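Notes to accompany the following structure.
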Amino acid sequence: MDVVPRVDLTPAAAELLRRLHTLHGPLMFHQSGGCCDGSAPMCFPEGEFRTGGSDIMLAELVVEGVDEPVTFWMSKSQYELWSHTRLTVDVVPGRGSGFSLEAPEGVRFLIRSSVVDA
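As structure tokens, this is what we get:
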């Protein structure tokens, strides 16, 4: 049985992460719980967003051309709501209203989800 990754990237998201890595070094995501851009994946330099005991790391995303995996975090309480889904990080045109690193690029990260079997 193949294990379906909990979090994945579209090719467009991977390309943007390669550009952001060149500019900012190692990266991380934290899935926002409703502030700023609603429920959007926010990208930061690794360690700039402080995670704690109420957060869980869902994935270490491997991006071709990037030496370190990009970690993907979410609060435990929010994960309870998303636990039945597979998340795909994508990129869409338009500037978000948060503090995510892609904002100056004129695009924003977006989560697409699909239901997975338990």
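Heads up: the sequence shown begins at 583 in the working numbering, then just goes up one per residue. For every residue, glycine included, the Cβ atom is placed at its ideal position computed from N, Cα and C. Computed from a prediction, not measured in an experiment: that's the story for all the values here.
| query | result |
| --- | --- |
| Own chain residues within Cβ distance below 7 Å of Arg677, not counting five before or after | Ala685, Gly688 and Arg690 |
| Cβ-Cβ distance between Val671 and Pro623 below 8 Å | yes |
| Closest by C-alpha distance to Glu628, when choosing among Leu602, Ser636 and Glu646 | Leu602 |
| Neighbourhood of Val652 by C-beta, 7 Å cutoff - its chain only, sequence neighbours within 5 removed | Leu599, Leu609, Met610, Phe611, Leu643 and Val645 |
| Nearest neighbour of Asp637, chosen from Glu662, Glu650 and Val648 [CA to CA] | Glu662 |
| For Leu591 and Thr533, the rounded distance between their alpha carbons | Absent from the structure is residue 533, since the part of the chain shown begins at 583 and ends at 700. |
| Spatial distance of Leu683 from Arg694 (CA atoms) | 19 Å |
| Three-way DSSP call (helix, strand, coil) for Glu687 in this model | helix |
| Beta carbon of Leu669 nearer than 8 Å to that of Arg588 | yes |
| 7 Å CB neighbourhood of Cys625 in its chain, flanking five on each side removed | Leu602, Leu609, Phe611, Ser682, Leu683, Glu684 and Phe691 |
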